[in-house]
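Asker:
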Amino acid sequence: MGALRAGVKVVTGYPGTPTSGLIDFLLKLELDQNRFVEWCTNEKVALEVATGAAWAGQRALCTMKMSGLNVAYDSLISVAYSGCNGGLVIYVADDPGTHAGMCEQDSRGFALMADLPILEPYSVGEAYELVQRAFTLSEQTATPVFVRLVTAIANSRAPVEVESSKPPLERKALLERDITKYTKAGSVICMAQHQDVIARLEKAGRIIQKMCLNKLKLAPKTGGIGVIVVGGVASYLEEGIEIAVRSGCSIDSLSVLRVVTSNPFPTSEVQKLLHHCAAILVLEELEPYIEQGIYIEAQGSGFKGKIIGKIDGTFNRFGEYNAYHVARGICASLNVSIEESDARESYLAEQQAVPRPITVCAGCPHRGTYLAINKAIKRLGMKKEEVMVTGDIGCTILGMNPPFETIWNELSMGASIGLAQGFVYSGVETPVIATMGDSTFFHGGIPGLINAIHHKVSLTLIIMDNGWTSMTGMQANPSTADAFQQPKSQRVDIAKLVAALGVSHLFEIDPFDLVGSTNAIQHALDLPGVKVVVSRQECTIQAMRRGIKAGRVSIVPENCNLCKLCLIHTGCPAIKIGKETIVIDEATCYGCGLCVEVCNRQALIIEGHS
Amino acid sequence: MSYNIYMVGVGGQGVLTIGDILAEAACRSNIPVNFYPTKGMAQRGGSVKAQIRLGHEVVGPNIPTKSANLVIAMEVSEALKAVRFVRSEGEVLLYGWIWQPTAVVLGKECYPTLDQVQKHLKDVGARVNYINPEDLPLFKDSPIPGNIFTLGVAIGNTRLGSFLDSTVVASVVNDRWGGEGDRNNFALHSGLCSEHENEH
Chain B
1 MGALRAGVKV VTGYPGTPTS GLIDFLLKLE LDQNRFVEWC TNEKVALEVA TGAAWAGQRA
61 LCTMKMSGLN VAYDSLISVA YSGCNGGLVI YVADDPGTHA GMCEQDSRGF ALMADLPILE
121 PYSVGEAYEL VQRAFTLSEQ TATPVFVRLV TAIANSRAPV EVESSKPPLE RKALLERDIT
181 KYTKAGSVIC MAQHQDVIAR LEKAGRIIQK MCLNKLKLAP KTGGIGVIVV GGVASYLEEG
241 IEIAVRSGCS IDSLSVLRVV TSNPFPTSEV QKLLHHCAAI LVLEELEPYI EQGIYIEAQG
301 SGFKGKIIGK IDGTFNRFGE YNAYHVARGI CASLNVSIEE SDARESYLAE QQAVPRPITV
361 CAGCPHRGTY LAINKAIKRL GMKKEEVMVT GDIGCTILGM NPPFETIWNE LSMGASIGLA
421 QGFVYSGVET PVIATMGDST FFHGGIPGLI NAIHHKVSLT LIIMDNGWTS MTGMQANPST
481 ADAFQQPKSQ RVDIAKLVAA LGVSHLFEID PFDLVGSTNA IQHALDLPGV KVVVSRQECT
541 IQAMRRGIKA GRVSIVPENC NLCKLCLIHT GCPAIKIGKE TIVIDEATCY GCGLCVEVCN
601 RQALIIEGHS
Chain D
611 MSYNIYMVGV GGQGVLTIGD ILAEAACRSN IPVNFYPTKG MAQRGGSVKA QIRLGHEVVG
671 PNIPTKSANL VIAMEVSEAL KAVRFVRSEG EVLLYGWIWQ PTAVVLGKEC YPTLDQVQKH
731 LKDVGARVNY INPEDLPLFK DSPIPGNIFT LGVAIGNTRL GSFLDSTVVA SVVNDRWGGE
791 GDRNNFALHS GLCSEHENEH
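Listed in order, the protein sequences are those of chains B and D. No gaps in the numbering here: position 463 of the first sequence is 463 in this note's numbering, and each next residue is one more. In this note's numbering, each residue carries its 1-based index in the second sequence increased by 610.
(1) Do Ile241(B) and Ile330(B) have their beta-carbon atoms positioned less than 9 Å apart in this structure?
(2) Pop quiz: Cys572(B) and Ala362(B) are said to be a contact at Cβ under 8 Å. What is the actual Cβ separation, rounded to whole angstroms?
(3) Tell me whether the stretch 391-407 of chain B and the stretch 349-368 of chain B touch, counting them as touching only if at least three CB pairs, one residue from each stretch, are closer than 8 Å.
(4) Give the secondary structure of Tyr613(D) by DSSP, where H, G and I count as helix, E and B as strand, and everything else as coil.
(5) Report the three-state DSSP secondary structure of Gln661(D) (helix, strand or coil).
(6) Count the other CB atoms, across all protein chains shown, that sit within 10 Å of the CB of Val89(B); report buried if there are 16 or more and exposed otherwise.
(7) Can you find a C-beta in chain B that's less than 9 Å from the C-beta of Asn739(D)?
(8) Determine the contact status of Ile682(D) and Val782(D), defining contact as a CB-CB distance below 9 Å.
(9) Using 9 Å as the limit for Cβ to Cβ distance, is Lys217(B) near chain D?
(10) Of all the CB atoms in chain D, is at least one closer than 9 Å to the CB of Pro511(B)?
(11) Assuming Leu703(D) and Ala764(D) form a contact by the criterion Cβ under 8 Å, report the distance between their Cβ atoms to the nearest whole angstrom.
(12) Counting Cβ pairs, one atom from each stretch, are 3 or more of them under 8 Å apart for the stretch 66-74 of chain B and the stretch 188-202 of chain B?
(13) Which value, in whole angstroms, describes the spacing of the CA atoms of Leu334(B) and Ala327(B)?
(14) Any C-beta of chain D within less than 8 Å: which residues of the stretch 110-123 of chain B qualify?
(15) I need the DSSP call for Cys190(B), collapsed to helix, strand or coil.
(16) Determine whether the Cβ of Gln880(D) lies closer than 9 Å to any Cβ atom of chain B.
(17) Establish whether the CB of Val11(B) and some CB of chain D are separated by less than 9 Å.
(18) May I ask you to verify whether the stretch 247-261 of chain B touches the stretch 218-232 of chain B, counting CB pairs closer than 8 Å and requiring at least 3?
(19) Let me confirm a value: Lys729(D) is counted as buried when at least 16 other C-beta atoms fall within 10 Å, else exposed. Which label applies?
(20) Output needed in chain order: residues of the stretch 147-171 of chain B with a Cβ under 7 Å from some Cβ in chain D.
(21) Taking all protein chains shown into account, do 16 or more other C-beta atoms lie within 10 angstroms of the C-beta of Ser800(D), making it buried, or fewer, making it exposed?
(22) I need the DSSP call for Ile241(B), collapsed to helix, strand or coil.
(23) Examine chain D for any beta-carbon lying closer than 9 Å to the beta-carbon of Arg536(B), and answer yes or no.
(24) Could you say which of Glu291(B), His275(B), Leu274(B), Ala199(B) lies nearest to Val282(B) if we only look at CA atoms?
(25) How is the beta strand (DSSP E) around His366(B) delimited, first residue to last?
(26) Can you find a C-beta in chain B that's less than 9 Å from the C-beta of Lys732(D)?
(27) What's the gap between the Cα of Lys649(D) and the Cα of Val533(B)?
(28) Within the same chain, show all residues whose beta-carbon is closer than 8 Å to that of Val150(B), passing over the 5 residues directly before and after it, in chain order.
(29) Can you list, in chain order, the residues of its chain whose CB lies under 7 Å from that of Ile693(D), leaving out five sequence neighbours each side?
(30) Check the DSSP bridge columns for Lys217(B) and list the partner residues they point to.
(31) Reducing DSSP to helix, strand and coil, say where Pro743(D) ends up.
(32) Does the distance from the C-beta atom of Gly547(B) to that of His609(B) stay below 9 Å?
(33) With Asn85(B) and Ala3(B) assumed to form a contact (beta carbons below 8 Å), what rounded beta-carbon distance in angstroms separates them?
(34) For Ile198(B), count the other beta carbons within 10 Å of its own beta carbon; 16 or more makes it buried, fewer makes it exposed. Which is it?
(35) Output yes if chain D places a C-beta closer than 9 Å to the C-beta of Ile330(B); else output no.
(36) Among Gly83(B), Lys172(B), Ser262(B), whose alpha-carbon lies nearest the alpha-carbon of Asp196(B)?
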């Protein structure tokens, strides 16, 4: 809503928890004709589209999760060097506590490395305001600006008073030819641009100070504690102080600096705090970037007091902060011991909760692909432990878990093919298989496949094409059927693309046909060179939402002896154990028929399968 | 005024839906609210939790331990994950649904008993209010949604009812599903009118 209010013209991104909601939300709105909102094939492409628009003078917003920033960064640092004309805002969210998996990285490091300003809201309402400020700052300094959230705030919903959105600002597309600004060809150009980007960050610092984005509140008395709260952690301050008071802290001279911009460093506010306080407490999730800056400023100003944070060992560099971190920090500053509400014993109950390993949904087509891979390996006389199956990002990784235990590893988008090639080169004598989903293939898999084709590597790539980017909440991607694409978008056929790359051993399988899929994969594993198997069925969640079912499974009671073979093989959540036979939960069963195929007593039948 | 609701369950049970309804009802009542749903792999039979914080203009989305006034647990084993968050004398609505993971069905993992779960909750001073899914009334001979029934119990039988008016909650439910004659409307009112005594 902040971006709409700022008159943004182009919004791009790649889905990733916890930032997917932004574009998902915009796509549900009725947007102006000349406003472009889209999911791109990957974050780097998304940033490049947004950059093109910003170079042409328009306002553009680009969104991604922290892992996506790794992908986009290759272009981003170059954009930082060149600067921009229209406002360019990069909306990224980190995931302290890793609620959504992946590395617990701190995106502020990228802002530091690229000399880009970064704004960190502490509430939903402030996020709305800061996105608008970020566009202003970006245009005033001609530099891209980050807005960085953490999961707890990115996924939160709260009432915010919003103003009506503005249509995209009326600006004629600018065609500015300036090779010293827009290329990197030559040392002179690059050195000049490096100086420019540093100067732009300094300018941003002056503007941010005028905007009073970082909030300093000095206690009337000097000699107290100076608390520095960074970004989202500030939302816990009030509650943390209450806990500290309950624990016996007497808080009469607390000064607070709420840091909204980790970069540029809020030097002036920090200096004021150091001169006013006897001890400094830094409350900052993940990396101690601000804290390191405090040490430097303290050295310069002759500050001799305690600095409490991560560097002195009070806090860790991992995990999410809450009110207890605030309280612990204040207690440590005052040498008071904290009330033990977050003690180890309180986790005892939680440890007795039954584990729920994530698994594929009832009717998920990936189930059939994992079963077929496992069967093909067995038929070739090998054990699962002897065949490397590299994995990739997205729902397809769920084949790592029981009952399949097919997939061995996971690295980054599209990495399974390169990894597989490395295993082949290392001398693995059994077949090597790479697996990935459709969106992952478009995102980062294609270069790996071309590399394997180019170097004639003997490996089998299995693309599980379910037509949606499912793990992140069912976004359309290039493989989505035309009927469900956004207007003005069209489908790109993976099989045609793979064939065009020169793969001669290309198989298309239906994962609900276990016999046919197993035969095809077994055949592929026996052949030399690059083989590609495209396993195709639509994501069941999406199909079921449209009221579609593949068939209807019923039980032949006299044949079922409750051997549970169906459950052991498929692990399908739609199979329940009844008193004398298994029971199929009709509401969740999609009718994929895989349980029918693995049953050896004809105790299950399927109707309606084509 | 400040009131914290910690909600747990399994993906598919509608935990986030009732969180959404409560947050919307708070908005309509001009009560400041922060609603923080954590989905994880919700659609994949995974754990789901949601946190609602009422009464603060700015508040950390995560409820500190021992600070939840109300816990709504929609699944027996998942309730254990809320134990450390409930405050002493806090109320717990324990919906007695059991969702066994495959490993339990195959005898590879143990599922905690209802007594064990209740004991853990009572040990931290919680007032547990057990809802037996088998006691839910039927609507036109079909089962009613347990999440909306539990929402009704929360408004009608816990202190949450003094912050959120049942008519406001009903209006949110009706706006979603069409009001009288709808199973959700029936489920809400059944929950509101049901008598669930706190067990001490």
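Glycine is no exception: its CB is placed at the ideal position from the N, C-alpha and C atoms.
Answerer: For this structure:
(1) Cβ distance < 9 Å, so Ile330(B) and Ile241(B) count as in contact.
(2) Rounded to whole angstroms, the Cβ separation of Cys572(B) and Ala362(B) is 5 Å, and the two are in contact under 8 Å.
(3) Segments in contact, yes.
(4) Secondary structure at Tyr613(D): strand, using DSSP grouped into helix, strand and coil.
(5) Strand.
(6) Its Cβ being crowded by 16 or more others within 10 Å, Val89(B) is buried.
(7) Output row for Asn739(D): interface = no.
(8) With respect to Val782(D), Ile682(D) sits apart: the two C-beta atoms are not nearer than 9 Å.
(9) Closer than 9 Å: no.
(10) No, no contact with chain D.
(11) Taking a contact as a CB-CB distance under 8 Å, the pair Leu703(D) and Ala764(D) counts as one, their CB atoms being some 6 Å apart.
(12) Contact fails between the stretch 66-74 of chain B and the stretch 188-202 of chain B, because fewer than three Cβ pairs, one in each stretch, are under 8 Å apart.
(13) In a straight line, the C-alpha of Leu334(B) is about 11 Å away from that of Ala327(B).
(14) Across the stretch 110-123 of chain B, CB contacts with chain D closer than 8 Å involve Tyr122, Ser123, in sequence order along the chain.
(15) Assignment of Cys190(B) by DSSP, reduced to helix, strand and coil, places it in the helix class.
(16) Beyond the ends of chain D as shown, which are 611 and 810, falls residue 880(D); an answer cannot be given.
(17) Residue contact check for Val11(B) against chain D: no CB pair falls below 9 Å.
(18) Verdict: yes, contact present.
(19) Residue environment: Lys729(D) is assigned as exposed (fewer than 16 neighbouring CB atoms within 10 Å of its CB, all protein chains considered).
(20) Using a CB distance below 7 Å, the part of the stretch 147-171 of chain B facing chain D consists of Ala152, Ile153, Asn155, Ser156, Arg157, Ala158, Pro159, ordered along the chain.
(21) By the neighbour-count rule (16 or more Cβ atoms within 10 Å), Ser800(D) is buried.
(22) Note: Ile241(B) maps to helix in three-state DSSP.
(23) Not one chain D Cβ lies under 9 Å of Arg536(B).
(24) When only C-alpha atoms are compared, the closest one is Glu291(B).
(25) The continuous stretches of beta strand (DSSP E) do not include His366(B), which lies in the alpha helix (DSSP H) extending over residues 365-379.
(26) Interface annotation, Lys732(D): not in contact with chain B, CB-CB separation never under 9 Å.
(27) If I take the Cα positions, the gap works out to 32 Å.
(28) If we look at Val150(B) and ignore the five residues flanking it on each side, its Cβ neighbours are Ala93, Asp94, Asp95, Pro96, Gly231, Gly232, Glu285, Glu320.
(29) Note on identity: in this sequence residue 693(D) is Val, with Ile being the wrong assignment. Answer for Val693(D): His730, Leu731, Val734, listed in chain order.
(30) According to DSSP, residue pairing for Lys217(B) in a beta bridge involves Val256(B).
(31) Helix at Pro743(D).
(32) Taking 9 Å as the Cβ cut-off, Gly547(B) and His609(B) do not qualify as a contacting pair.
(33) Ala3(B) and Asn85(B) do not touch by the CB rule: their CB atoms are close to 17 Å apart, not below 8 Å.
(34) Ile198(B) is exposed by the Cβ-count criterion.
(35) The beta carbon of Ile330(B) sits no closer than 9 Å to any beta carbon of chain D.
(36) The shortest C-alpha separation from Asp196(B) is found at Gly83(B).
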